[in-house]
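Residue 21 is where the sequence shown starts when you use the numbering used here, and the numbers rise one by one after that.
Cβ atoms here follow ideal geometry from the backbone N, Cα and C, with glycine treated the same way.
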Amino acid sequence: MKQHPDLSTLISYSSGTLSLAFSTLVASHTENCAHCKEIVQIGNELGASMMENAVEKKEKTQDYNVFLNKLNNKNNSPEIKKIDFDLNSEVPVSLQRYIGNHLDDIQWSFFAPGIQKSQVKISDKSNCHLTFLKIKPKKKIPEHGHKGGELTLVLKGAFDDQNGTYAAGDIADHDMSTHHEPVVSSKEDCICVIATDGPMVFKSLIANMYQSIVRI
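Okay, structure coming up:
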């Protein structure tokens, strides 16, 4: 893997401040990326140390294990679905709860010529969602920017943009300053999953009109 989430994204993930959609993609990437997994682990250890110090100062009369148990059982914690994970699947474990164990399980619909789409609703309080795209070789996504953050995780194939090449397992981390025109560079279809907290803004008026209907 050569493309990774921004350091600030990894820190936000470690601290638990990312939305469920963004966290799912970061978790999927770190399953097979030792570099990012180490950064997250360091963040977790620092966070645990800070929490322990806070408990010692403010909760001296309360047992630390009881305190952690209360944190882990907050009412707003997301419910974890019980499913049979496939550790050998091309689908990261973190995504299997949404699309199943195999890419062939995804239910596709027409999005544009050469592009199919599948959208998954995320049950948290943010306006983020997961959008899966299946794009034919040499197909371009029209030039666009973003009205918010965007993470794109490649599950199969590869695409290029102004920032480099993204292959399976790589993640593209973009914000409102990014303008790009991704094109599939692999000989096979490129399947990727996108998390956004704001819509794409296309340079083309026609593309923007279409975006207002189909919504990514």
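Cα-Cα separation, residue i to residue j
i      : j      : result
Leu88  : Leu115 : Because the pLDDT at Leu88 is just 48, under 50, the model does not fix this residue reliably, and the value given afterwards should be weighed accordingly. Rounded to whole angstroms, Leu88 to Leu115 spans 27 Å at the Cα level.
Asp190 : Phe179 : 10 Å
Val174 : Ala188 : 5 Å
Glu110 : Asn52  : 11 Å
Ile119 : Lys137 : 13 Å
Ile214 : Asp104 : 24 Å
Gly177 : His122 : 15 Å
Asp195 : Phe42  : 13 Å
Glu65  : Ile31  : 12 Å
Glu58  : Thr50  : 9 Å
Ile155 : Met21  : 21 Å
Leu117 : Lys159 : Note that residue 117 is Arg in the sequence shown, not Leu. Rounded to whole angstroms, Arg117 to Lys159 spans 29 Å at the Cα level.
Expected contact under 8 Å - CB spacing of residue i and residue j to nearest Å
i      : j      : result
Leu171 : Leu45  : 5 Å
Lys201 : Asp181 : The residue asked about is misnamed: residue 201 is Glu in this sequence, not Lys. With a Cβ gap of about 6 Å, Glu201 and Asp181 count as contacting.
Thr198 : Gly168 : At roughly 11 Å, the Cβ-Cβ gap does not stay under 8 Å, so Thr198 and Gly168 are not in contact.
Status (buried if at least 16 other CB within 10 Å, exposed otherwise) for residue i
i      : result
Gln127 : exposed
Gln23  : buried
Pro25  : buried
Cys106 : This sequence places Asp at residue 106; Cys is not what is there. Asp106 is exposed by the Cβ-count criterion.
Residue i, enclosing alpha helix (DSSP H) - first and last residue
i      : result
Ile31  : Leu27 to Ser35
Ile211 : Not the alpha helix (DSSP H): Ile211 falls in the beta strand (DSSP E), residues Cys210 to Thr216.
Leu107 : Element bounds for Leu107: n/a, residue is neither H nor E.
Leu153 : Leu153 -> not in any alpha helix (DSSP H); beta strand (DSSP E) instead, spanning His149 to Ile155.
Ser114 : Val113 to Ile119
Boundaries of the beta strand (DSSP E) in which residue i is found, first to last residue
i      : result
Val49  : Here residue 49 turns out to be His, not Val, going by the sequence shown. Per DSSP, His49 belongs to no beta strand (DSSP E); it is in the alpha helix (DSSP H), Leu40 to Thr50.
Gln136 : Ile135 to Val140
Val174 : Glu170 to Lys176
Lys191 : One detail in the question is off: residue 191 reads as Ile in this sequence, not Lys. Per DSSP, Ile191 belongs to the beta strand (DSSP E) from Ile191 to His194.
Thr185 : Gly184 to Ala187
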